[in-house]
Amino acid sequence: LDAARADARRADALYLPRLNSFGRLDWNDPSSPFGGRSSWTVGVMLSWSPFAGGTELGERRAARSRRARAEAMAEAARAQAELEIAETGEALAVALAKLDLAERAVAQSREAHRLVSRRYDGGIASVTELFDAAAAETASGLSFALARHDALVAVAGRRRALGLDLEPLAALDGGAANAVPEGQ
């Protein structure tokens, strides 16, 4: 965008008058051929071509269209970034809510399995009920692992959308309960 703006200013400057200066010093030695006295010249020249042909008009229009294109692309990039930030914020909130639910489900299925085990030990529950409770506990553990994975992916997406470094996510290897970095 900055380059396109500078190019448009350059094209507009083709219509401005040009002011040039020059200076010349001749050092003549009387002992050399064509010798004589030293002389100098100083001058200023102003030139202006209000219409130098269609190329300047075409160049000016082309530069302005390149500037307009660059401005539109910059605006589109800003809008896309804002959309991505909003989307990743919502995805992170959903992933953390799912993680919280999955964590509660693990605790409840673990407690249910413990109660069925005690009932089985007391002869009140059947082996099928015990196996069903163990299967439910395993399923909730797998759901928690998936929710943890989704939360980590959501955090990574959010950090990427905000332009932050992804390296701190390596520290989340041990647990996802605090999966959201500070200020996110």
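With my numbering, the residue at position 19 of the sequence shown is 20, and numbering never jumps. Just so it is clear, CB atoms sit at the ideal spot from N, CA and C, and this is done for glycine as well.
Whole-angstrom C-beta distance between residue j and residue i, which should lie under 8 Å
i	j	result
R159	L167	10 Å between Cβ atoms; not a contact.
V156	L84	No, V156 and L84 are not in contact; Cβ-Cβ is about 19 Å, not under 8 Å.
G54	F23	Contact doesn't hold; Cβ gap of about 26 Å is too wide.
Y16	E57	7 Å
Status (buried if at least 16 other CB within 10 Å, exposed otherwise) for residue i
i	result
E138	buried
D151	buried
A7	exposed
T89	buried
R68	buried
A171	exposed
S141	buried
A136	exposed
A98	exposed
G184	A caution first: G184 carries a pLDDT of 45, below 50, which makes its placement in the model unreliable, though a value can still be read off. So G184 ends up on the exposed side.
Neighbourhood of residue i by C-beta, 6 Å cutoff - its chain only, sequence neighbours within 5 removed
i	result
Y121	L131
A96	D151, A152 and A155
R25	T42
N179	Residue confidence is low: N179 scores 49 on pLDDT, short of 50, so the model does not pin down where it sits. Its coordinate-derived value is still stated next. Closer than 6 Å at the Cβ level, and outside the excluded window around N179, lies no residue.
S40	D27
R111	E138
M46	N21
According to DSSP, residues forming a beta bridge with residue i
i	result
R19	S48
T89	Partner(s): none; T89 has no beta bridge.
V43	G24
CB of residue i within 7 Å of CB of residue j, strictly
i	j	result
A64	A12	yes
S190	R19	The question about residue 190 has no answer here: the residues shown for the chain are numbered 2 through 185.
S144	A108	no
A75	A5	no
Same chain, Cβ closer than 7 Å to residue i, five either side skipped, listed in chain order
i	result
S118	L131
A134	A113, H114 and V117
Any chain D beta carbon closer than 7 Å to residue i
i	result
S66	Of the chains in the structure shown, none is chain D; there is only one protein chain.
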